[in-house]
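*Asks:*
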Amino acid sequence: MTDDLRLCLEASKDAAALKSALAGTDVLTLATRDAERIVRRLEALEAAPDLRVLYLGNHTLDMFARMVSAASFCRGAHVDGRVGPFDQHMQMLLDPSLGLADYDPHVIFLSLELERLLPQLPAGLAGLGAAAREGLVEQALAAVASWVETARSVTGATLLVGNFWRPCRQHLGIADAKLGHGEAQLYASLNARLFDAYAADPQVFVVDVDHALATAGRRAAHGPRMKLLAKIAWAEPALPQLADLLSRYFASMVLPPRKCLVLDLDNTLWGGVLGEEGPEGIRIAEGDPVGEAFRAFQSAIKAVQRRGLLLAICSKNNLEDVEEAFRLHTDMPLGWSDFAARQVNWEPKHANLQTIAAQLNIGTDSLVFVDDNPAECELIRQLMPEVRTVHLPKDPSTYADLLLDLPELERVALSEEDLRKTEQYHEQAEREAVRVAAGDMRAYLESLETRLTFWPATRAEMTRVHQLFAKTNQFNVTTKRYRPADIERFMASPDWQLEVVAARDRFGDLGIIGAFLVERRADAVAVDSVVLSCRAMGRGVETAIANRIKAIAAGWQPQGRLLAEVRPTRKNKPVLEYFDSQGFALLAATPEGTKHYALDIAQTTPLDCPGITIEAGAPSLESEAS
Amino acid sequence: MNQKLAELIADVLDMPVKEVTPRMVREGHPKWDSLNHLRLVTAIEEEFGVALSMDEIEAVETVGQLDEMIAEHCTAA
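If you read the protein sequences in the order shown, they are chains A and B. Residue numbers for the first sequence follow the UniProt record's numbering, so the first one is 1 and each next one is one higher. Residue numbers for the second sequence follow the UniProt record's numbering, so the first one is 1 and each next one is one higher.
1. Rounded C-beta distance between A/R539 and A/T450? I'm assuming under 8 Å.
2. How many Å lie between A/L242 and A/K231 at the Cα?
3. Less than 8 Å between the CB atoms is what I'm expecting for A/G81 and A/V68, so what's the real figure, rounded?
4. By DSSP, does B/T21 sit in helix, in strand, or in coil?
5. Considering only the beta carbon of each residue, do A/I380 and A/V370 sit closer than 8 Å?
6. Whole-angstrom Cβ separation of A/Y597 and A/L587, contact assumed at under 8 Å?
7. What residues match up with A/G223 in a beta bridge as DSSP calls it?
8. DSSP has A/Y597 in a bridge; who is on the other side?
9. Contact between the region 381-400 of chain A and the region 505-515 of chain A is defined here as three or more beta-carbon pairs at a separation below 8 Å; is this criterion met?
10. Mind checking which residues open and close the beta strand (DSSP E) that includes A/Q603?
11. Name, please, each residue of chain B whose Cβ falls closer than 7 Å to the Cβ of A/L228.
12. Nearest to A/A16 by CA position, among A/G76, A/F454 and A/H106, is which residue?
13. Can you check whether the CB of A/H171 is closer than 8 Å to the CB of A/L213?
14. Excluding sequence positions up to five away, which residues of its chain have a Cβ less than 6 Å from the Cβ of A/L563?
15. If the criterion is Cβ atoms closer than 8 Å, does the pair A/G180 and A/A130 meet it?
16. Kindly indicate the opening and closing residues of the alpha helix (DSSP H) around A/T215.
17. Exposed or buried, A/K595, counting other C-beta atoms within 10 Å across all chains shown (16 or more means buried)?
18. Any contact between the region 257-277 of chain A and the region 299-312 of chain A? By contact I mean 3 or more CB pairs, one from each, below 8 Å.
19. Run through chain A and tell me which residues come within less than 9 Å of B/I57, C-beta to C-beta.
20. Are any of the Cβ atoms in chain A nearer than 8 Å to that of B/D33?
21. Taking only three categories from DSSP, how would you classify A/F73?
22. Whether or not the region 406-420 of chain A and the region 453-469 of chain A are in contact is what I'm after, with contact meaning three or more pairs of Cβ atoms, one per stretch, closer than 8 Å; do they touch?
23. Starting from the N-terminal side, write out each stretch of the alpha helix (DSSP H) that is 4 residues or longer and does not extend beyond the region 137-216 of chain A.
24. Leaving out the 5 sequence neighbours to the left and right, which residues in its chain are closer than 6 Å to A/L319 when beta-carbon positions are compared?
25. Where does A/Q603 land, buried or exposed, given buried means 16+ other C-beta within 10 angstroms?
26. How would you label A/K394, buried or exposed, when you count the other beta carbons within 10 angstroms and need 16 or more for buried?
27. Less than 8 Å between the beta carbons of A/A70 and A/V39, yes or no?
28. In angstroms, rounded to a whole number, what distance separates the CA positions of B/C74 and A/R33?
29. Would you mind working out which of A/T479, A/I601 and A/C534 sits nearest A/R567, comparing C-alpha positions?
30. DSSP three-state label for A/W496, please.
31. Is DSSP giving A/F339 helix, strand or coil here?
32. Tell me which residues of the region 43-65 of chain A have at least one Cβ-Cβ distance to chain B shorter than 9 Å, keeping chain order.
33. Going by alpha carbons, who is nearest to A/I614 out of A/N547, A/D4, A/G560 and A/A216?
34. Rounded to whole angstroms, what is the Cα-Cα separation between A/D14 and A/A31?
35. How close, in whole Å, do the beta carbons of A/F294 and A/I284 come, if the pair is a contact with beta carbons under 8 Å?
36. Is A/I612 buried or exposed, if buried means 16 or more other CB atoms sit within 10 Å of its CB?
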């Protein structure tokens with residue numbers, strides 16, 4: 001490993017070459033010295049990082065930070081790490097001379113070792129009653145809370161807070177479990193309350209360090225000698241597992257998300273070949289170990305669907321056979337309606353992947369393709385390198401773990417919309433059917449009976465708003481990727497108006513489908529961002545949003561100008577003529593292609609939006625949630 | 001001195017191997033700081049299959065001492 005790595009590091013002349021050379025490296029096998037080599041090489045190449053991360057804590061985090069940078073880079077995210085002075089996580093926030101503002105991190109990771117945070121803890125716990133134990137929990141939570149609140153007041157960085165990890169050995173041995181308020185319960189209760197405290201907080205993520213250490217092995221993670229010599233709390237053998245966890249966050253924050261999991265059927269979703277064994281012969285039953293392996297895989301796929309990914313089938317089979325198999329095996333974890341797109345035919349798979357992406361209105365670069373056939377996998381790897389291809393090995397007992405381990409399927413948080421995504425795509429298919437039947441566009445739009453609601457975004461909508469800014473590629477006029485802290489700033493400022501728009505129609509509830517951000521300036525109003533989910537494009541919502549923006553502008557600056565701009569990207573073709581179609585005048589275009597527009601607010605009139613009704617106020621669903 | 005050790009030191013401290021000499025002193029060395037010292041110890045233990053005590057780790061002042069220490073451990077084993 002090490003010699004190969006050294007050669008590949010030396011051969012890589014820039015960060016992109018290094019990234020492709022390292023792609024696919026198993027981060028769990030990274031040795032500390034390899035990690036160090038990768039990071040040094042990366043630093044020598046002097047490329048701009050995707051993220052700057054500051055590590056703070058009451059134990060030594062230097063080697064860990066290097067390992068995280070190496071692991072993240074193997075996953076395609078270039079993370080620059082800096083480690084703050086030991087046990088000065090509070091000073092780092094409050095003392096400007098320590099350089100927080102100069103570094104300007106996107107993320108701050110905090111990790112506190114409980115034994116050091118509460119010096120009275122280890123041996124004393126034996127003599128403590130339940131009330132005293134509760135006092136310790138409160139004290140630790142208060143320490144985290146005061147750090148978080150201070151951090152919030154001085155930085156917009158996303159805060160990752162490691163939870164508290166149980167040590168390898170318990171001071172009272174097996175009797176601890178019988179005490180009713182022992183060490184085991186102390187950590188469990190502390191971590192449960194820590195997760196609760198920040199579950200709804202868009203800026204703070206509690207990272208399950210305890211789980212990663214347990215997975216690595218508490219014994220392997222325990223190194224008393226280095227702890228005494230250098231306050232290293234996590235021994236080297238545990239670092240890859242911990243770095244795996246953090247790099248999942250960083251890769252999810254930086255890389256464009258994968259949106260659809262495309263699955264083969266035979267020997268992927270079930271055992272056996274449908275065309276040979278017949279619908280009764282495939283192995284998917286409970287009681288059959290092989291069948292249960294495929295059931296476990298299907299359950300894992302179902303969980304991935306709940307993360308907001310769409311599922312699709314891409315299989316060489318006869319459609320009638322497949323439909324029959326799903327009809328016959330209704331007790332499978334996955335049903336026919338779980339799939340937002342289905343390509344069951346004898347066409348080459350790369351053509352089917354194109355069709356699936358087109359049907360779902362997403363790019364082929366957001367597909368993950370899973371197949372047991374090495375030839376099919378090789379075909380897709382060669383013809384569609386942008387697709388993430390996952391080749392399943394022979395043994396189905398490994399499939400569920402393999403899927404749940406994929407970093408490309410991670411989401412840092414889930415919104416209401418994620419949980420209903422598949423349902424929404426089926427409603428979309430019904431709308432399409434009506435559109436085809438109606439023939440006439442205006443008649444179609446009117447038949448949809450779209451009802452829109454606009455309201456200023458609040459914390460209740462934070463996850464969704466952040467997601468819209470982060471994930472929308474097509475209908476996005478400036479493609480500014482705002483962070484939660486930026487979004488909070490816009491919500492709080494009287495000079496900015498950040499509104500969301502939700503839609504319902506006769507087929508169902510589309511949820512929050514778009515957002516826009518406008519700025520009040522001294523003599524003008526400027527449109528900063530307009531984002532609209534691709535599900536809601538092309539039905540007049542675009543015009544309704546522009547009308548709403550014009551109305552806000554008229555309230556703020558009746559005699560001023562409304563300014564707007566479009567910044568072209570590789571993917572936002574649908575917005576290039578947006579402001580032209582809404583009556584704005586083109587002022588200038590820069591050599592990079594950015595187009596500047598203006599409109600006299602006094603002259604604006606709302607444009608016609610056939611079939612759309614605007615309803616007042618936030619929908620009841622959202623007000624219940626807030 | 002042991003060539004493998006010289007290469008290891010050069011790698012961990014990120015310096016040319018020809019600059020690694022037995023007389024190289026830890027104190028005041030720009031790259032041989034306390035963290036790199038521990039990195040070095042870990043790498044040595046892995047490479048040579050030895051285990052150094054806390055006292056030994058702290059006592060190291062020069063590359064030459066480290067070289068002798070490893071030789072002692074290897075013959076003892």
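The beta carbon of each residue, even a glycine, is placed where N, CA and C say it ideally should be. The structure presented is a predicted model; accordingly, all values stated were derived computationally and were not measured.
*Replies:* The structure says:
1. The Cβ separation is near 6 Å, so the contact holds.
2. Each residue's Cα considered, the two are about 17 Å apart.
3. 6 Å
4. coil
5. One thing to note: A/I380 has its Cβ no nearer than 8 Å to the Cβ of A/V370.
6. Contact annotation, A/Y597 with A/L587: C-beta distance approximately 6 Å; criterion of less than 8 Å satisfied.
7. Beta bridge pairing from DSSP links A/G223 with no other residue.
8. A/A564 and A/L586
9. no
10. Careful: A/Q603 lies outside any beta strand (DSSP E) and carries neither H nor E.
11. M54
12. A/G76
13. no
14. Apart from sequence neighbours up to five positions away, the residues of its chain that approach A/L563 with a beta-carbon distance below 6 Å are A524, A526 and A598, ordered along the chain.
15. Yes. Within cutoff.
16. Where A/T215 is concerned, the enclosing alpha helix (DSSP H) stretches over V209 to A216.
17. buried
18. yes
19. R225 and L229
20. no
21. helix
22. yes
23. 183-198 and 209-216
24. V344
25. exposed
26. exposed
27. For A/A70 and A/V39, yes; Cβs fall inside 8 Å.
28. Approximately 23 Å, taken between the alpha carbons.
29. Ranked by how close their Cα comes to the Cα of A/R567, the residues A/T479, A/I601 and A/C534 have A/T479 in first place.
30. strand
31. Reduced to three states, the DSSP call for A/F339 is strand.
32. So the close ones are T60, D62 and M63.
33. A/N547
34. 23 Å
35. 5 Å
36. Label assigned to A/I612: buried.
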